[in-house]
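Residue numbers (the working numbering): 31 to 353.
Even for Gly, the Cβ is constructed at its ideal location relative to N, Cα and C.
Predicted, not measured: the structure shown is a model, and the values here were computed from it.
Everything on this sheet refers to the single structure shown next.
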């Protein structure tokens, strides 16, 4: 199950709470996740009551003992006043004062209710982000010491859990491996940036060699950005808009002229068609008249020409008989 705990007004969610999960584990994980220094205890508020849970009390057994829905119980991680490590700077008799905390007695195990389902409690690196205390073993040990001091004076000290220590050591190894991979990735990115800087320098050098006359002018991305920043973009935009309006007016004027010429061309084509029809009609009328005039002319010529007289040539006796 998931457990929501309020830390200074901010809700944090602890995932994977099972039968064996104790308040000590929850406080320890929350302190690691939020990088909280000092002394803390877990307080439960329900039905208008407020109870401080003991470090070795199990959350599931607490829900069963109070017979309350987990959604109706509000958990608060409360900081306790701790004795100052420097007695000279603290108030008189400060070391004799202990935090006034009323811990609940550890309830007996109750297994009759089946309302709560068990889920594996796996506090992996995905659920708990790496903090400074995880990356530094000395800070981690200090965190352990700080948490152990939160027990009330006279209470029985907690015995170390070997399985939990092995699990935490596995977590630390995983975090160290993840940190090593991240450092390797950072180093690779740094090498890539160096290569890119070299390529940019080579490009700038080749550009200066290609344009020796522009040696006094700056080149490169920085110079281009400066040139772009110095360009009067509003004036250029206004000039482009004015030019666009002028081109639109010219387009309208030329479009009207084209439409007028197109109308004239259509009218001329219609006139040409009419002239062709008229010429064809007149030609059809002239052809019969011309044929009739030619026939009349031939008749006149035949009537005016005399009748032809055939003269027989003289015949000689020696020439033979003419046929």
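Mapping DSSP to helix, strand and coil, what is residue 141?
Counted from its first residue, the chain shown places residue 141 at position 111. Only weak support is given to the placement of residue 141: the predicted model assigns it a pLDDT of 38, under 50, and the question is left unresolved by the model.
Residue 40 to residue 221, Cα distance in whole Å?
Locating residue 40 in the chain shown gives position 10, counting from the first residue. Locating residue 221 in the chain shown gives position 191, counting from the first residue. Going from the Cα of residue 40 to the Cα of residue 221 covers about 41 Å.
Could you say if the region 59-72 and the region 91-104 meet the contact criterion of at least three C-beta pairs nearer than 8 Å?
Fewer than three beta-carbon pairs drawn from the region 59-72 and the region 91-104 are found closer than 8 Å, and the two stretches are therefore not classed as touching.
State buried or exposed for residue 369, treating a residue as buried only when at least 16 other CB atoms are found within 10 Å of its CB.
Residue 369 is absent from the structure shown; the chain starts at 31 and stops at 353.
Within 10 angstroms of its Cβ, does residue 173 collect 16 or more other Cβ (buried), or is it exposed?
Indexing the chain shown from 1 puts residue 173 at position 143. For residue 173, the pLDDT reaches just 39, beneath the cut-off of 50, and the residue's location in the model is therefore unreliable, leaving the point undetermined.
Within 10 angstroms of its Cβ, does residue 261 collect 16 or more other Cβ (buried), or is it exposed?
Looking up residue 261 in the chain shown gives position 231. It is exposed - the Cβ of residue 261 has fewer than 16 other Cβ atoms within 10 Å.
Between residue 66 and residue 105, how many whole angstroms is the CB-CB distance? I'm expecting something under 8 Å.
Residue mapping note: residue 66 aligns to position 36 of the chain shown, counting from 1. Residue mapping note: residue 105 aligns to position 75 of the chain shown, counting from 1. No, residue 66 and residue 105 are not in contact; Cβ-Cβ is about 15 Å, not under 8 Å.
Would you mind sorting residue 44 into buried or exposed? The rule is 16 or more other CB atoms within 10 Å of its CB.
Residue mapping note: residue 44 aligns to position 14 of the chain shown, counting from 1. Per the 10 Å Cβ criterion, buried.
By a C-beta neighbour count over all protein chains shown, 10 Å radius and 16 as the cutoff for buried, is residue 224 buried or exposed?
Here residue 224 refers to the residue found at position 194 when the chain shown is read from its first residue. That one is exposed.
Can you grab the Cα-Cα spacing for the pair residue 31 / residue 49, in whole Å?
In the chain shown, counting from the first residue as 1, residue 31 sits at position 1. In the chain shown, counting from the first residue as 1, residue 49 sits at position 19. Linking residue 31 to residue 49 through their CA atoms gives a straight-line distance of about 10 Å.
What is the C-beta distance between residue 88 and residue 51, in whole angstroms, given that I count them as a contact (C-beta under 8 Å)?
What you label residue 88 is simply residue 58 of the chain shown in a count that begins at 1. What you label residue 51 is simply residue 21 of the chain shown in a count that begins at 1. Yes, residue 88 and residue 51 are in contact; Cβ-Cβ is about 6 Å, under 8 Å.
When you compare each of 63, 229, 305 to residue 37 by their alpha carbons, which one comes out closest?
In the chain shown, the residue the question calls residue 37 occupies position 7. It is 63 whose Cα lies nearest to the Cα of residue 37.
Name the two residues that bound the continuous beta strand (DSSP E) containing residue 36.
For the purposes of this step, residue 36 is taken as residue 6 along the chain shown, with counting starting at 1. Residue 36 -> beta strand (DSSP E) spans 33-37.
Checking 7 Å against the spacing of the C-beta atoms, do residue 76 and residue 103 come in under that value?
If you number the chain shown from 1, residue 76 lands on position 46. If you number the chain shown from 1, residue 103 lands on position 73. Their beta carbons are under 7 Å apart, which means residue 76 touches residue 103 by this criterion.
In whole angstroms, what separates the C-alpha of residue 263 from that of residue 256?
Mapped onto the chain shown, residue 263 falls at position 233. Mapped onto the chain shown, residue 256 falls at position 226. Between residue 263 and residue 256, the C-alpha separation is close to 13 Å.
Cα-Cα separation between residue 420 and residue 214, rounded to whole angstroms:
Outside the displayed range of the chain (31 to 353) lies residue 420, so it cannot be described from this structure.
Is the beta carbon of residue 55 less than 7 Å from the beta carbon of residue 85?
Along the chain shown, one-based indexing puts residue 55 at 25. Along the chain shown, one-based indexing puts residue 85 at 55. Result no, Cβ atoms of residue 55 and residue 85 do not sit closer than 7 Å.
Determine the direct distance from the alpha carbon of residue 207 to that of residue 34, and round the result to whole angstroms.
For the purposes of this step, residue 34 is taken as the residue at position 4 of the chain shown. For the purposes of this step, residue 207 is taken as the residue at position 177 of the chain shown. When rounded, the distance between both Cα atoms is 30 Å.
Taking only the alpha-carbon atoms, compute the straight-line gap between residue 236 and residue 217 and give it to the nearest angstrom.
Translated into the one-based positions of the chain shown, residue 236 becomes position 206. Translated into the one-based positions of the chain shown, residue 217 becomes position 187. The alpha-carbon atoms of residue 236 and residue 217 are separated by roughly 29 Å.
Rounded C-alpha distance that separates residue 200 from residue 209
Here residue 200 refers to the residue found at position 170 of the chain shown. Here residue 209 refers to the residue found at position 179 of the chain shown. Each residue's Cα considered, the two are about 14 Å apart.
So what does DSSP say about residue 211, is it helix, strand or coil?
Locating residue 211 in the chain shown gives position 181, where the first residue counts as 1. Three-state result, residue 211: helix.
Does the beta-carbon of residue 252 have 16 or more other beta-carbons within 10 angstroms, so that it is buried, or is it exposed?
Here the question's residue 252 lines up with position 222 in the chain shown. Residue 252 should be labelled exposed.
Cut-off 8 Å between Cβ atoms - residues of its own chain near residue 47, not counting five sequence neighbours on either side
Your numbering for residue 47 matches position 17 in the chain shown. Contacts found: 31, 32, 33, 56, 89, 90, 149, 151.
Run through the DSSP bridge pairs and tell me what residue 105 is partnered with.
Start at 1 with the first residue of the chain shown, and residue 105 comes out as number 75. Residue 105 is bridged to 35, 74.
Span separating the alpha-carbon of residue 288 from that of residue 301
The residue given as residue 288 occupies position 258 in the chain shown. The residue given as residue 301 occupies position 271 in the chain shown. Taking the straight line joining both Cα atoms gives about 20 Å.
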